[in-house]
Each structure stands twice: as C-alpha cells, then as structure tokens.
RNA sequence: GCCGACGUGGCGGAAUUGGUAGACGCGCUGGAUUCAAAAUCCAGUUUCUUCGGAAGUGUGGGUUCGAUUCCCACCGUCGGUACCA
C-alpha cells in the first residue's frame, strides 16, 4: 500500500463512475435532503480556485448527510445560455452551441477531478431544447395569469376575461400597469387588438413600453443588475436609458410577499438586507395638488406628509407626460433646451453628476392644505419610474431640494424644529413641527399621520405603499437565449404557441450581430414567418433558465411536466443552497418570484425555494490592469493610446504613426484601467508591478483562444502603445497591480488543476476548507498546503505504519483511545452541521496527533475515523476502507455514532484566578462540590501565596469552569 | 451618504451560554537523521521583562467577580447600493 495520490484519485474516480456511487433515486422511503450549488455559467476560462470552495463545502455536507442515512439530492448542471458565448461567436465565428459544449465538458471534467459527488445522470443544460421547452412553458403560464390582490395570488387570465365581460373593471383589484376604467359594455365593444392591450395591462408577463438600460455596443437591453456604474457588466460598454417595447415580468405584484418571505428563510442578515433594499418598500402618502388652469391634479408621493407646509416648489421628471402639457409659451425654449441636455446624457453622466440642474415650466399648482401657489420645475434628479415621477419639494428638510432652491432662488420655510435632537439627520424623522398650522407642536411621526389623515379627509390624498423594485424586463434582442413562444397575428395581437408545439427552438444561424436594436432572429425569415403570423424575435434573458432549474433536477427527464407532482411533493425545496454572494440579489429574488408563482398554481408545495443559503467568501487574487490615456497631438487630434502605469499627464510623447504630442487624461476618470489577464508571456518584474512585452501582444493577434478574443477587444480600445525598453532592449509596458476578487472579468483567475495533480485531490479539498471560515473573504495563498499534505501522510501512516502493508490490530481500544475517537466524532459532527469546515480539518489533525502519541493502530479506533474523514478526503477514505475489508464504498457506510460515556472526565483542571486574572491551575474531581473546591483551593500552598496579606471579599466557583478569588 | 460584514501573533485563523486568549497549520529558530540535500522526526516560537512577573484581541469608555464575546462612541478594511421623494 503506497500513498500514491494520483493513483488513488484515478482509481476511485473510475470506481464511482462505473458503480454510479452517487446516483440518487426518488426513493421516498428515506428522508430527503437537497443540497444545491449555484448554477455555473460555463465560461471559456474554466474553474478557478474560488469556485471549488463552495463546491467542496456542499460536497462535504452532501456526503455527510448521505452517511447519516438521508436520500441526498446533489445535482449539477449548466446555465448555458448567455451573452459571453454569443459575443465570442461574433468575435470568432464559432457557434455558441459549440463553444458552450466544449466549455461544459471542461467544467464537468474539472468537477469530476475534484471528486465531487454529483449525480451526473440528473445534469441539465438551459440551452438544451428538452430543458427550455419547460422554461417556455413556465413563461407561458406567467403570460396566462394576472395577479388578484384581494385573493393575493395569481389567477388565470380566462377568469379575468369573464370578470371584464360581466363587470368591466368594477371590483377588480389587480396588479396593473395603469388604472383602467371600463364597463362590461366597453369591453364587449372592443376589437381583438384592443382587448389584447387591456389584458396586457394585467398579465404577469406583458409587453409594454418601458425605460430600459440600452447598451448600443451589445445591441440589447440589460437588466439593472447587468449594469454596473452606468456600464454593462459584460464588456464594460456605455449604457443609456431608452423607451422601448419590451416583454416584462410583473415582479412588483409579488413585492410584498417576496419581502415577507424573507422572515421564514435562513439567509444571512446581510443578504436579507440586500433583498429588502432592492425591493425598497416605503410607506408614505399620495397627495394631489391642483394645477392652475387644468382639471387633472398633479400627484406626488411623499414619506414626509408632515412637511407639506414647507413645500415651496414641485419637481417632475423630465420624461413626465405632463411636461409638454403644462409648459407655458414663455418657458418653452428653456424647457426644450433642458430636455435636449437631459437627452444627451448617459447613465454614467447622470450618476456622476453632483450639481443640481433643472428648468421652470411656468406652471403653478396649489397646496391643498394652505392654498399656497407653488411653481412647477422639471429636474433630472426626479426619476420617472419611482412613485408618481413627481415630488413636492421641501427645501428646509431635504438636502437636494435645498440645493435646488438655493440655485433657483426659491423661498425656504422651516417646518421642523430639530433642536431637541442634536445631530439628527433628515432620515431620522424626528423633531417638532413649526410654521405648520394644525400640525404645530406635534412630533414628526404623529404629524405624518395627522397630515395624511387630513389629506384623505379632504379627498386630496391617501396613505400609499411604494416599492423601489421595478418590473423585470424580460426581452433581449439577442440570439443565444430561449425564444419567446409567441406569434403575432395580422392585428398584431400576440398569442402563445400551443403547449404541444413547444419548444420553439432556435433556427440555425451563423451571424449573430444585433443591428440597431433588432434581434438577429429578424433575419431568420424562414423561421420567423409562420402560416399563422410572425414569431416574436426577442429571446429571454439568462435568468429565465436559471430561476427554476432547482426544480428540474428533481425530475430531469420528464417529458410531460417540468416536474411530476409526486416527485416535487417528495423533494419539496432546497435544504442547503451554496454559492457566491454576487448572485445574492437578482438570482435569488427572481427564483423566489417564480417559485411563488408556481406555488399559486399549486405546482410546488412550498412558498420558498431555498430554506438555507450559504454564501461562500471571495478568494482574492492579483488584478493586473493596463492603462488607457489620450495622446493630444500638435495638430489638435486626440488618440486613445496605451501607456505604462507611471506615465504622468503632460508627458511629451511621440508615437509612431500618430506624431508628436503630449499625454492628457481621460476626462472622466484620469487614465482608465482595464483589467488584463496575465498572458503566459507576460513576465513578472517584481511583486508590485508587471510588464507586458510587445512580443506577447504580437503573438495574441493570431491566437484563436477565448482569452485572446477578450484581449484583442481590450487592445482595440487604444490604437498605439507607448513602449518602454528594458535592459535587453525588449519593448514593454508596465501594468499596475492590486489584490482583488477573482473573477472572469478581472482576468486574474488561478486554476486548481495543478495543485490537485501535485498534492492529490483530497489534499486540495482539505486545504481549501482549512483556509478559514467558508463565508469569509480571503486571499489565495498556497503556503500551508504542505501542512495539510503532511497531515494526510500521517493519517495514512496510522494504517500502514513503517512498512508498505496494512498494519492494523484487532485489540480492544483503551479508554483514552476511545476518548480521542469520540471527541473527534462529536466535534466533526457538530462542525459540519454548523458549516464550520476549517475547524473540522483542525480536529482531524489534533486527533491524528493524539493517536500517534498513543501509538494506537487499533481497528476499533481507526475504522470509524475513516468513515469520519470520508466527506473531506473521499478518495483516500475509500482506499483505506477497502483495505480494511469494508463492503462497497465508504460513502454508503454509516456515520459513526457518538457515545458520550467515553467523554466523561474523572477530574477537571480548574483555572484559579485572582480578581479575574488566571494565575495557576488545579485539578479537582469532576463531581466535587463548590464548597469542597473552595476549601481545598484556599488550603493549597500556591493559592495561599497569592492570598498572603490580602482580604478575601468573595470566592466564585463555577463547577467545570473556573474559580475566582476577589481580593482587596 | 446609506445598508451589511469584519478588525485577535510575522501569516491563515481557533476560542459552547461571558469563564485558562492564541487551538490547528504556515513561517521562523535550534536539534536529530544524512557524505550532503530533500523528506521525516523532536523541541521552541504574542510582546516586554530586573526572570519574581507585567501587559495584551482596532481605539476610548461602560456593565460584570470575570469581556475576543454584551452595551455606547469613534477609527479602519471589505462587500452592496446610490439623487428612491
């Protein structure tokens, strides 16, 4: 028996594959346990050392539960639709299905080599038509439902039609885009197109105009979470707001339930807070201000109705529909100029803006409580999508309003006396009302109630709840996603593709570019023209496939349903969900939405999809960045150029092909840093800086790899390099360097394969766990992996001794030896339950060291230790288990049972403290009484020495803890 | 700005309900083995010290017989979010 990690790894990985050791059946006789890893997107870069952290943790947990006798569902699959594969296809001409297949295979191999116990027979792929048939089916169901706020659940659209035919909109309490008023007769008089438009107002999946994040470079709409700092997360392209016709999911209908459900699940506080934030519930009041010379009032939403006497102007969003209507002729030019200015600004501009801007419409409205005449402005800082798109401005009590009032010379009326609350900010909502008529003297919370009540009494407003969350835009003008299963007839009325015709598969294409907002599928005319009408050419976003995948694993090959009822009734929900915090908001929220929808339909038995969520911490790694600057040439031309990290602004430069000039910086952010993968040829100069050599860049030009494609894109943003020369005369640019999280976009990924090969998979697994608490961020470092390797060797040597043969005795174990074993059982069992895997590894080390000291090689101790270490070191454990004559795989062997009798102590070592400071320790029998301990301790000569010349004021004895003398 | 998490040796990190701070591992120092090295094994390793001790868990206060743990204020790091009315 040799400790040959490579041979052991291969042998057992082969064995598990052949024997389908990790196959899971829907065996309802055992209790179920569902452990899920977040769906990976199979990128070209492969796994890095950050990924396995979560996979190993969930694998350990699954194996542990399996040994405890649970029927464990632990599946893996791939989120294989998405932008990167399509972008890669545009860059290289490789079809997304091909690159995805290659990447998926690579991920699977890497996961197999980590010894992860997935049941690969249950693997799913979102881009597989057999899978996305059901994605389309679920979205079809969403389309066929509306939200009844009275019943607080989704109901079929057929019932809505009936209601409209009988009562019109009377008595309808539905989640809707806008409030409609129709009689039954109105409804019946409508044509198909008009009826369809009315239903769209209520459908949970609907088509409508919305302001969207438009990314010109990617040629598609992006979700809020796909935009970071006004740029696209994929590719870092600028994003602008644009009004477009889009499919959306009415997530706002579920806002309240998504919020309430957080109370019932075991997620971290931080994550719950993030979700609450994203949903953004606020309770306030709707107030209606009459506009001079106009019937319809101006509606505003405010959380501070109490400050209504301090209102000195109103602000509406530039996109607000009233703007055109109320602007007076004298102010028309000013408003037009401002609208032009707003239209010219991207998201980045708007977000980085600190000064207030706006324009006066010339119109006035009337404060309903005191009749004051209030001017109406438009300004960028008021958002179209939140509340009513209009605010009542209270410059005395709101920072932005104040800056605006100061700039435009508007009166400021103090309405809150905060002198009782020094240091309180506006958000604290404290103080006493002044200058406010009947509210004077009230505290803020009371005044809010009183003012709201008054508005309501006057019919000028009412209490209202507002949510920050916006409906989820579910259209992408791209190829590589699920087609919306819709056909438009000659009246432009969309209808679902019948269920028996699903899936609507993607047509084969070889050119995936989206041209000016039109999906590439528009060009597939053979596909999109059908006898009954034209197909919808928008596809769904990546989240469509990933927000319900956990259900498909339960029943992955079912052709009659997304999951069979009896199967989902058995598996219920995910017990433990492990993944990165970067998906904390969007993915979790969207799958919670779909789950709740399916619950309403009676398709799933639980209200929440994920009972417990574990977010693994990031593993940090170096990020190298290349700098982009601007060369201003003597003839006034500006050229983007690549420069070293140390080139200062104003440096005179002469660049081949561009001429002489000097360096100016990017207006927005100085030199712009672009993360760059360390290509192999890049050489390390010292720890703080890296160099990229010209020879490396030239080589990339004809490289077909996916990394090279990214690299080329980056390089195309600058058109020349400002080279420096090293000692050997080679040209290079110095890159900047910092530690940061490991991610595809930062191109600082470290691959686990090498370590796994060198030290063995089990060592790599235990080392990753040993790094620290699973949920905390930490830098990657390989120092320390040797220690884990040495431990595994020592553990192995317990069984083989000095020779190459198994050397285990059948003698009865001593009390001391059994104590070591049971201490380990207790610690490891508790710590796995508590997801504290790093301390488990320590516990194994301690136990191994103790057993070595006891020179114990007894089966009674060692065999249970093999079963304990099996979740952590599955290969070595199976090898040892087989050598010991175990039947089958250790991974189906029972978890060792704890017997507390071995842990009972005869005596306890008490720390003896004086005024809380421990000075010595003394042993007392475990059963000794307080009185005996106190008397004996006082009598002990070492204690007496400390008590000399002092008065004992008090003695505290806590059995099995400590003794403390309070002296003076 | 707001929300959340976290601050412990040279480093990663341990410490049930408040009860011996620094487990375990890395690194380092010394030793054994070796012609030598690797590997392995043994001992030591918070700081200061007059070698009796003393101080010590980001900083300052508080509660307590006793605080890494609980409370208050502040500082710092990381993550999220940002004109949300």
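In the UniProt record's numbering, the protein residues as written are 1 to 968.
Beta carbons are placed, not taken as given, at the ideal position from N, Cα and C, and that holds for glycine.
query = Rounded to a whole number of angstroms, what is the C-alpha to C-alpha distance between residue 465 and residue 447?
reply = 18 Å
message = Looking at the strands, I want to know which residues DSSP matches up with residue 913.
response = 918 and 964
ask   = Less than 8 Å separating the beta-carbons of residue 209 and residue 175?
value = No, the pair does not count as a contact, with Cβ atoms beyond the cut-off.
inquiry  = Closer than 7 Å to a non-hydrogen atom of the ligand FAD - does that hold for the CB of residue 205?
reply    = Looking for the ligand FAD in the displayed structure turns up nothing, as the structure carries no ligands at all.
query = For residue 236, which three-state DSSP category applies?
reply = coil
inquiry  = Does residue 251 pass the burial test, meaning 16 or more other C-beta atoms within 10 Å, or should it be called exposed?
reply    = It counts as buried.
key: Of the residues 866, 359, 720 and 296, the one placed nearest residue 792, counting alpha carbons only   = 866
query = Out of curiosity, what's the CA-to-CA distance linking residue 72 and residue 490?
reply = 52 Å
N-terminal and C-terminal residue of the alpha helix (DSSP H) that residue 343 is part of = 332 to 343
ask   = Can you list the beta strand (DSSP E) stretches of 3 or more residues lying completely in the stretch 768 to 804, in chain order?
value = Correct list: empty.
message = Can you tell me whether residue 879 is buried or exposed? The criterion is at least 16 other CB atoms within 10 Å of its CB, across all chains shown.
response = buried
ask   = DSSP on residue 486, reduced to helix/strand/coil?
value = strand
key: First and last residue of the uninterrupted alpha helix (DSSP H) at residue 14   = 5 to 19
Ranges of the alpha helix (DSSP H) found wholly within the stretch 30 to 84, counting only runs of at least 4 = When DSSP assignments are scanned along the stretch 30 to 84, the uninterrupted stretches of alpha helix (DSSP H) that are 4 or more residues long and fall wholly within it turn out to be 51 to 67.
ask   = Run through DSSP, which three-state label would residue 523 get?
value = Look at residue 523 here: in three-state DSSP terms it is helix.
key: Contact set for residue 5: own chain, Cβ-Cβ below 6 Å, skip 5 residues either direction   = 760
query = Just to confirm, are residue 556 and residue 66 a CB contact at a threshold of 8 Å?
reply = no
Contacting residues, own chain, Cβ-Cβ under 6 Å from residue 356 (five flanking each side not counted) = In its chain, beyond the 5 residues on either side, 403, 404 and 407 have a beta carbon closer than 6 Å to the beta carbon of residue 356.
Residue ranges of each beta strand (DSSP E) within the stretch 168 to 238, 3 or longer = 205 to 215 and 220 to 222, all fully within the stretch 168 to 238.
inquiry  = Assess contact between the stretch 108 to 121 and the stretch 154 to 174, defined as three or more Cβ pairs (one per stretch) separated by less than 8 Å. Is contact present?
reply    = no
ask   = Should residue 477 be labelled buried (16 or more other beta-carbon atoms within 10 Å of its own) or exposed?
value = buried
task = Using the DSSP secondary-structure output, state which residues sit across from residue 392 in a beta bridge.
result = 314
task = Specify the secondary structure class of residue 601 as computed by DSSP and reduced to three states.
result = The DSSP-derived three-state label of residue 601 is coil.
task = Alpha carbon to alpha carbon, how far is residue 810 from residue 863? Give it in angstroms, no decimals.
result = 11 Å
message = Alpha carbons only, please: which of 296, 337 and 396 is nearest the one belonging to residue 366?
response = The closest CA to that of residue 366, considering only 296, 337 and 396, is found on 296.
message = Buried or exposed, going by whether 16 or more other CB atoms sit within 10 Å of the CB of residue 858?
response = With at least 16 other beta carbons inside 10 angstroms of its own, residue 858 counts as buried.
task = Tell me where the alpha helix (DSSP H) around residue 282 begins and ends.
result = That residue, residue 282, is in no alpha helix (DSSP H); its beta strand (DSSP E) goes 281 to 291.
query = Can we say the stretch 303 to 314 touches the stretch 325 to 338, given the rule of at least three CB pairs closer than 8 Å?
reply = Look at the beta carbons and you see the stretch 303 to 314 not touching the stretch 325 to 338: under three pairs across the two are nearer than 8 Å.
key: Backbone secondary structure at residue 492 - three-state DSSP   = coil
Whether residue 40 touches residue 107 by CB criterion (8 Å) = yes
query = Helix, strand or coil: how does DSSP classify residue 946 here?
reply = helix
query = When DSSP labels each residue in this structure, what does residue 936 get in the three-state scheme?
reply = helix
Beta-carbon separation (whole angstroms), residue 255 vs residue 316, contact threshold 8 Å = Not quite, the Cβ-Cβ distance comes to about 24 Å (not below 8 Å), so this is no contact.
key: Test item: CB-CB of residue 877 and residue 870 under 8 Å   = yes
Residues near residue 248 in its chain [Cβ-Cβ closer than 8 Å; skip 5 each side] = 205, 206, 207, 208, 210, 471, 472, 473, 474 and 475
task = Return the bridge partner residues of residue 248 from the DSSP annotation.
result = 206 and 473
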